[in-house]
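So the structure is just underneath, and the comments pick up after that.
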Amino acid sequence: MARAPLLQLSDISLTFGGDPVFDGLDLVVQPGDRLALVGRNGSGKSTLMKVMAGLVEPDHGDRVLTPGVHVAYMEQHPDMTGHATLGDYATAALPPGQEYLVEQAAVGLGFDPGVAVETASGGERRRAALARLLAEEPQLMLLDEPTNHLDIQAITWLEERLGQTRAAFVLISHDRAFLRALTRATLWLDRGRLRRQNKGFEAFEAWRDKLW
């Protein structure tokens, strides 16, 4: 019996400042999907991810999330307003007794949860946001440039962690090696149109050149 998709976008259209970003875009994310979301700078990848997360409302179309599915989104510039420390932010959505999940991620990602938010660097903030997402153990992870500001050791840890997860995820990244190692299918966003190939990022360039 076929499993229900985690998330479905149907006939999505969106315009910013009079310019169309998407027009009639469709997308289905299935359980276990490991998707690379690729496209030129300015093609709308981050905007599409925000539509998937429910943070941007399209002008037209439907976003359907299967009941009970938890989606977690890591943005490039997390808002930590109201939290004293990185650890406070990272554990805010966890039930009591689950804080150790953030502590484990903090070791792997290389940041101190006790650092004050107001003095934390951009890299420390991103690591805390990534730890928060991983600790929540969602069924679908939306990751926008997760390796930015990470050193080689942290990237290696994250790659191993994502390689072991049973959750579905969508990745936007300029780190080609990271995409090649982790993805099983590719979403190509080009001039408002989204195409899917059921092969990982390692096959993207040959596919793109064939279509062009």
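Under the numbering used here, the first residue of the sequence shown carries the number 19, and numbering increases by one thereafter.
Even for Gly, the Cβ is constructed at its ideal location relative to N, Cα and C.
What does D80 pair with, by DSSP beta-bridge criteria? S28
According to DSSP, what are the bridge partners of D51? DSSP lists no partner for D51.
Bridge partners of I190, per DSSP? D162
Determine contact between the region 35-54 and the region 205-216, defined as no fewer than three beta-carbon pairs at a distance below 8 Å. yes
Are there 16 or more other CB atoms within 10 angstroms of the CB of S61, so buried, or fewer, so exposed? buried
To the nearest whole angstrom, what separates the beta carbons of T13 and P23, a pair I think is in contact under 8 Å? Since the first residue of the chain shown is 19 and the last is 230, residue 13 is not available in this structure.
Alpha carbon of T137 to alpha carbon of T65, nearest angstrom: 29 Å
Element boundaries [beta strand (DSSP E), containing R211]: 211-215
Using a Cβ-Cβ cut-off of 7 Å (strictly less than) and excluding sequence neighbours within five positions of E177, which residues of its own chain qualify? Taken in chain order, the residues that qualify are F196, A199, L200.
Terminal residues of the continuous beta strand (DSSP E) containing L205? 203-208
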